[in-house]
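Residue numbers (our numbering): 1 to 325. Okay, structure first, notes after.
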């Protein structure tokens, strides 16, 4: 990745960070109902992976999926309007924070049931195989999902059929409130289990956008060439609690401090300096991100409420609601 590519990734991460900060502030103002699961601190995984993927590839994410939706082409306005239950939202106010979806850009949904999307990604990869394309399916999931059956079932079937699918674990050390290390027999819950299914497992610094891009690009080439699936475990850390209801008091202060010093945006700024990008160039990217999100907040606030008559539309692929067999 050259300086221009890294600058573009940095600006996208800055947009995501500011969009999530806006979501946090809007929640405190009572404009975002329900809960949210912020991905602040994990932006490099979504942005780095997306930089390595093609526009027609498929992405599946968890309920902590704001960063993936934004990385795959959703706008801050669309996402914030969805969180505020506006008709202009990404899913027309039907999905909310945990179900951001933009199929037109390959973002095939965020899923609240832990691990439920892993078999879906396998199915999308099988679809690509049947249709004779070289599209790739990528399933992003948390470390907690590695301890459920769907993880192992998906890896096994993908390996048996050598499907073009990548399994990317966003290991932020905690499965909700429980440290993953306390309930898992292996040190790396995703990568260490991949060999049991006959597929490679790798570990990457999930806060280094360049490292993530390189790893995903390499594994994507392998999958498109017919060599089958792979597991990539991206080590990262969420800046906030599991959800808005969680103050995260269970995390040791020294651990939090250590990870906050390993912030994805700070790392990218350091890499940009090494590649010769001046401070003014980075500051301009920050300013563009700030202005974009500020405009998005105001536009989302001004969006109309959803029309109740559309509550049952978009149930089927034709946009309708009528039951059929």
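Note that beta-carbon positions come from the ideal geometry of N, C-alpha and C, so glycine has one too.
Residue state for residue 176 is assigned as coil, using DSSP reduced to three classes.
DSSP, read as helix, strand or coil, puts residue 182 in helix. With a cutoff of 8 angstroms on beta-carbon distance, residue 189 and residue 44 are scored as not near each other. By the criterion of a C-beta distance shorter than 6 angstroms, residue 41 is surrounded in its chain by 237, 238 and 239, once the five residues flanking it on both sides are discounted.
Per DSSP, the unbroken alpha helix (DSSP H) holding residue 151 starts and ends at 149-161.
Where residue 297 is concerned, the enclosing alpha helix (DSSP H) starts and stops at 279-301. Distance check between residue 18 and each of 54, 58, 75 and 4 places 75 closest, using alpha-carbon atoms only. Buried is the label assigned to residue 232, since at least 16 other Cβ atoms lie within 10 Å of its Cβ. In the three-state reduction of the DSSP assignment, residue 30 falls in the coil class. In this structure, DSSP gives residue 58 an extended state, which the three-state scheme calls strand. About 47 angstroms separates the CB atoms of residue 228 and residue 301; that is not less than 8 angstroms, and the two are not in contact. In this structure, 230 is the residue among 178, 230, 306 and 179 with its C-alpha nearest to the C-alpha of residue 203. In this structure, the CA atom of residue 220 is about 12 angstroms from the CA atom of residue 212. Look at residue 84 here: in three-state DSSP terms it is coil, with no helix or strand label. For the set 96, 97, 121 and 160, the Cα lying nearest the Cα of residue 108 is the one of 121. In the assembly as shown, residue 160 is an exposed residue. Its beta-carbon has fewer than 16 other beta-carbons within 10 Å.
Approximately 6 angstroms separates the beta-carbon atoms of residue 15 and residue 293; this is inside 8 angstroms, confirming the contact.
It is roughly 13 angstroms from the alpha-carbon of residue 140 to the alpha-carbon of residue 235. In summary, residue 29 is exposed, with fewer than 16 beta-carbon neighbours lying within 10 Å of its beta-carbon over all protein chains present. Only residues of its own chain outside the window of five on either side were considered, and among them 115, 116, 118 and 119 have a CB closer than 8 angstroms to the CB of residue 150, listed in chain order. Bridge partners of residue 137 according to DSSP: 58 and 165.
In this structure, residue 209 and residue 166 do not form a Cβ contact; the two beta carbons are roughly 17 angstroms apart against a cut-off of 8 angstroms. Counting of Cβ neighbours within 10 angstroms places residue 266 among the exposed residues, the total staying below 16.
Out of 91, 226 and 72, the CA that lies nearest to the CA of residue 199 is found in 226.
Check the Cα spacing between residue 9 and each of 72, 295 and 320: the tightest is with 72.
With at least 16 other beta carbons inside 10 angstroms of its own, residue 39 counts as buried.
Beta bridge pairing from DSSP links residue 201 with 231. Under DSSP, residue 107 takes part in a beta bridge, and its partners are 59 and 102. Beta bridge pairing from DSSP links residue 41 with no other residue. Around the Cβ of residue 195, a 10 Å sphere holds fewer than 16 other Cβ atoms; the residue is exposed.
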